[in-house]
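Here's the structure, in structure tokens; my notes come after.
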Amino acid sequence: MRPWRDRTGVFETLDYDHVTIDTSHGPMLYMEDITVSFDGFKALNNLTLTIDDGELRCIIGPNGAGKTTMMDVITGKTRPDSGTVFLGQTLDLLKMSETQISRVGIGRKFQKPTVFENLEVRENLALAMKGPRSVWRALVIKLTGDQRDTIDDVLNTIGLTAQSLNLAGGLSHGQKQWLEIGMLLVQQPRLLLVDEPVAGMTHAETERTAELLTQLAGERSVVVIEHDMEFVRSIARTVTVLHEGSVLAEGSMSEVQQNPRVVEVYLGD
Amino acid sequence: MLMRHLYNDVGGNILLALVLASALIVPTCNLLFPDDSIFHVSTYTVTVLGKYLCFALLALALDLVWGYCGILSLGHGAFFALGGYAMGMYLMRQIGSRGVYGNVDLPDFMVFLNWSELPWYWMGFDHFWLAMSMVLLVPGTLAYVFGWLAFRSRVTGVYLSIITQALTYALMLAFFRNEMGFGGNNGLTDFKDILGFDLLSDNTRAALFVLSASALGGAYIGCRAIVNSRLGKVVIALRDAESRVRSIGYRVESYKLWIFTFSAVLAGIAGALYVPQVGIINPGEFQPLNSIEYVIWVAVGGRGTLYGAVLGAVLVNYAKTSFTAILPEVWLFALGGLFVLVTLFLPRGVVGLIRRKGGGT
């Protein structure tokens, strides 16, 4: 954190809210040769990965393959030992703080749903809403009519309209997952990182999530980490298989499934 | 516009009504009824109640950081004492030549230490407004600098509590030293008047009581407005899931820092109102034990409700006044026992108990 150098909230034009992501050459996210080690263990090992604008990408891989670490690197939670991460052509994510990265338009849904349990469902969405983030603005800010409408729309999409004034802590597990997706939607990110969205969901909920994620891709890029192969097959156009911190295979679901190295990793030796 | 925040706040409305009523009734009964009337409230009682109001304001400040922001400060006594010292310095300068040594330029303790001139940091304290701005600035600046360092390094939880405790302990040791120029272990006392009004007169006492009540009422409305605003929601959210708040783009550190600083300023105001009523400020106010006691008030009342903190402060202090009159040696055991009992059986304090009994929210 470098508050004394961070001009956020001082000059509107310098706010990261107004930064445009240059995707004119294709990729939305560009990671090259990323290495992260924890006490000698390489969680990521020369990982190189590109996500195109508007793409829906599924990342699969056995436990410990580095999927979550990869998301940590993108969101600035973990700093890599080496490598480069760019959002669009121009934004070097390794030089930005977690909050800045979030504000330029990367939204993340965590594996374990974390909603603000002591706030109403509506308030959860209002907090996540794209907009100013400074303390002084927060003291006086009110939702505009447009923002209220957006929240209503999102509540509708995630099926929580009836619960909008309940405390989020009282929601079921599936509903919390949905609320968290809703919180991502109101942030209007350009790149959505979704970690195990259907864990603990019923079959019907899973189907609805698949539908929603497919809808979202196109206007924004979506990266999904998931273990549920059925789910991955139902949404994925391109699948990346991670193994021991680097990319093992990439391609359509059927290509990947026929790849002998993938079969070896998944079926064991 | 501020009243809007109190619309659904039943506990807050009751509290404000009580504070307003006491601000009207207590001084009236003290000043208008003769000593032998059954409606007469003694000046001693006015002072004791005025003290409770200051403690309630301190508890309110602590509840804002602990109950809403999740920062368990075990050093709020330091901000309270610093506000008190700033007020005490003004009152010392008002003594003028009426001290034991009759020195116009120097307070008694400096004459006693053979100092020949006023230290630079005492300059200007004979001006009321400068002293009052120091009441706000000194605790506020300390909290800002301390918080900036602590929150920037992401010190949280028990570690933060320990360093706040260390902060107040260090200040206690410093203020005990005679060379610091704050009267050493005797502190500042023997005050005569404030803004020309005799501190011992009933009228001044009543005015201080009304001021304390207004400060409490005003601070309550201010805190409620903060808690109800978007800022308050962010603060509650970061108490429950800090990293999630960071991940949706809020600079958690700044939020903590401003809440902590605001709370310290409130604690300073409480200290400044406390000192003229009790007539003394000494380094004992910095004792770590005091700060822990403040936390117990909030816990007993019910944290995270604001009015619960006020209730707790008054209840525990009433118990303390009664106990120390009858069985002084038992008080600390009773206090410790109370804390254990509240933690085990009343995690939401007395307010939680009332709510459960009432079957309400």
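Going line by line, the protein sequences match chains Z and G.
For the first sequence, counting from 1, position 187 maps to 187 in the numbering used here; every step adds exactly one.
For the second sequence, counting from 1, position 258 maps to 258 in the numbering used here; every step adds exactly one.
Even for Gly, the Cβ is constructed at its ideal location relative to N, Cα and C.
Close beta carbons around residue i, own chain, < 7 Å, minus the five adjacent residues each side
| i | result |
| --- | --- |
| Z:Val-265 | Pro-62, His-243 and Leu-248 |
| G:Ala-86 | Ala-131, Met-134, Val-135, Val-138 and Ala-272 |
| G:Leu-195 | Phe-128 |
| Z:Gln-143 | Just to set this straight, residue 143 of chain Z is Leu in the shown sequence, not Gln. So the qualifying residues of the chain are Ala-126. |
| G:Phe-339 | Ile-296 and Ala-299 |
| Z:Val-262 | Val-241, Leu-248, Ala-249 and Val-256 |
| G:Phe-39 | Cys-29 and Phe-33 |
| G:Glu-242 | Val-252 |
| G:Ala-206 | Pro-27, Asn-30, Leu-31 and Val-46 |
| G:Pro-283 | Met-172, Phe-175, Phe-176, Asn-185 and Gly-187 |
| Z:Glu-117 | Leu-167, Ala-168 and Gly-169 |
Own chain, CB closer than 8 Å to residue i, minus 5 neighbours either side, in chain order
| i | result |
| --- | --- |
| G:Val-278 | Thr-47 and Lys-51 |
| Z:Ile-181 | Lys-109, Ile-158, Val-194, Pro-197, Thr-209 and Leu-212 |
| Z:Ser-24 | Gln-89 |
| Z:Lys-42 | Thr-35, Val-36, Glu-244 and Gly-245 |
Identity of the residue in the options nearest residue i by Cα
| i | options | result |
| --- | --- | --- |
| Z:Ala-210 | Z:Arg-122, Z:Ile-51 and Z:Cys-58 | Z:Cys-58 |
| Z:Arg-103 | Z:Arg-137, Z:Met-70 and Z:Val-19 | Z:Val-19 |
| G:Asp-190 | G:Gln-94, G:Ala-21 and G:Phe-345 | G:Gln-94 |
| Z:Arg-137 | G:Leu-171, G:Ser-133 and G:Ile-226 | G:Ile-226 |
| Z:Ile-235 | Z:Arg-190, Z:Glu-98, Z:Leu-56 and Z:Pro-189 | Z:Leu-56 |
| G:Pro-107 | G:Gln-165, G:Gly-124 and G:Gly-183 | G:Gly-183 |
| Z:Asp-149 | Z:Glu-32, Z:Asp-39, Z:Val-186 and Z:Val-115 | Z:Val-186 |
| G:Gln-287 | G:Ala-23, G:Leu-171, G:Gly-70 and G:Cys-54 | G:Leu-171 |
| Z:Thr-206 | Z:Glu-226, Z:Ala-65 and Z:Ser-252 | Z:Glu-226 |
| G:Leu-231 | Z:Leu-184, Z:Gln-147 and Z:Ile-141 | Z:Ile-141 |
| Z:Phe-86 | Z:Gly-131, Z:Val-239 and Z:Pro-27 | Z:Pro-27 |
| G:Val-310 | G:Ala-166, G:Leu-18 and G:Ala-241 | G:Leu-18 |
| G:Tyr-68 | G:Arg-239, G:Asn-290, G:Phe-345 and G:Ala-21 | G:Arg-239 |
| Z:Ile-21 | Z:Gln-147, Z:Ser-221 and Z:His-173 | Z:Ser-221 |
| Z:Ile-101 | Z:Pro-260, Z:Ile-60 and Z:Met-71 | Z:Met-71 |
| G:Gly-222 | G:Leu-64, G:Val-155 and G:Asp-126 | G:Leu-64 |
| Z:Leu-47 | Z:Leu-192, Z:Gln-215, Z:Glu-32 and Z:Arg-190 | Z:Glu-32 |
| Z:His-173 | Z:Met-201, Z:Glu-123 and Z:Leu-49 | Z:Met-201 |
| Z:Gln-175 | Z:Arg-190, Z:Gln-147 and Z:Ala-204 | Z:Ala-204 |
| G:Trp-115 | G:Gly-88, G:Asn-103 and G:Val-330 | G:Asn-103 |
CB-CB length for residue i against residue j, believed under 8 Å
| i | j | result |
| --- | --- | --- |
| G:Tyr-75 | G:Thr-168 | Just to set this straight, residue 75 of chain G is Gly in the shown sequence, not Tyr. About 4 Å; that satisfies the 8 Å criterion. |
| G:Ala-61 | G:Ser-263 | 4 Å |
| G:Phe-79 | G:Glu-285 | That pair is no contact at about 10 Å. |
| Z:Glu-120 | Z:Leu-165 | 5 Å |
| Z:Arg-133 | G:Tyr-318 | About 43 Å; that fails the 8 Å criterion. |
| Z:Gly-245 | Z:Leu-29 | So it is not a contact: roughly 18 Å between Cβ atoms. |
| Z:Gly-54 | Z:Gly-170 | Not a contact, Cβ separation roughly 36 Å. |
| G:Ala-215 | G:Ile-280 | Their Cβ separation, rounded to whole angstroms, is 20 Å, which puts G:Ala-215 and G:Ile-280 out of contact at 8 Å. |
| Z:Thr-69 | Z:Val-115 | About 24 Å separates the two Cβ atoms, so there is no contact after all. |
| G:Tyr-274 | G:Gly-84 | 6 Å |
| G:Ala-23 | G:Ala-213 | 4 Å |
| G:Leu-208 | G:Pro-276 | 6 Å |
Own chain residues within Cβ distance below 6 Å of residue i, not counting five before or after
| i | result |
| --- | --- |
| G:Thr-361 | Residue placement at G:Thr-361 cannot be trusted, given a pLDDT of 46 that sits under 50; the coordinates are not used to answer. |
| Z:Ala-199 | none |
| Z:Gln-163 | Val-121 |
| Z:Val-177 | It should be noted that the sequence gives Gln, not Val, for residue 177 of chain Z. So the qualifying residues of the chain are Pro-113. |
| G:Tyr-307 | Gly-11, Gly-12 and Leu-15 |
| Z:Gln-111 | Asp-195 and Glu-196 |
| Z:Phe-11 | Reliability fails at Z:Phe-11, whose pLDDT of 47 lies under 50, so the model's placement of it is uncertain and the value that follows must be treated cautiously. Around Z:Phe-11: no qualifying Cβ. |
| G:Val-342 | Ala-299 and Val-300 |
| Z:Lys-130 | Gln-187 and Gln-188 |
| G:Met-92 | Pro-107 and Leu-188 |
| G:Phe-151 | Glu-253, Lys-256 and Leu-257 |
Is it the case that the region 155 to 168 of chain G contacts the region 61 to 78 of chain G, given that we only count it when at least three CB pairs across the two stretches are under 8 Å?
yes
Counting pairs of Cβ atoms below 8 Å between the region 253 to 273 of chain G and the region 27 to 36 of chain G, do you hit three or more?
no
With three or more C-beta pairs closer than 8 Å as the rule, is the region 334 to 346 of chain G touching the region 308 to 325 of chain G?
yes
Ignoring anything shorter than 3 residues or poking outside the region 165 to 194 of chain Z, list the beta strand (DSSP E) runs there in chain order.
none
Should the region 87 to 100 of chain Z be called in touch with the region 150 to 158 of chain Z, which here means at least 3 C-beta pairs below 8 Å?
no
Go through the region 68 to 156 of chain G residue by residue and report every complete run of the beta strand (DSSP E) that reaches 3 residues or more, in order.
none
Entirely enclosed alpha helix (DSSP H) segments - the region 207 to 278 of chain G, minimum 4 residues
230 to 240, 242 to 247 and 252 to 278
Touching by the beta-carbon criterion (3+ pairs, under 8 Å), the region 297 to 304 of chain G and the region 345 to 353 of chain G:
yes
For the region 76 to 84 of chain Z and the region 245 to 262 of chain Z, state whether three or more C-beta atom pairs, one from each stretch, are separated by less than 8 Å.
no
Runs of beta strand (DSSP E) lying entirely within the region 38 to 115 of chain Z, each at least 3 residues, in chain order
41 to 52, 56 to 60, 82 to 87 and 106 to 109
As an exercise, report each continuous alpha helix (DSSP H) stretch of at least 4 residues that is fully enclosed by the region 125 to 161 of chain Z, in chain order.
135 to 140 and 145 to 157
Between the region 235 to 256 of chain G and chain B, which residues of the former have CB atoms less than 7 Å from a CB of the latter, in chain order?
Checking the listed chains, one finds no chain B in this structure; the protein chains it contains are Z and G.
I'd like to know if the region 222 to 236 of chain G and the region 250 to 262 of chain G are in contact, where contact means that at least 3 CB-CB pairs between them fall below 8 Å.
yes
So, does the region 105 to 121 of chain G touch the region 173 to 181 of chain G, judging by three or more C-beta pairs under 8 Å?
yes
Give the list of continuous alpha helix (DSSP H) stretches no shorter than 4 residues that lie fully inside the region 290 to 329 of chain G.
307 to 326
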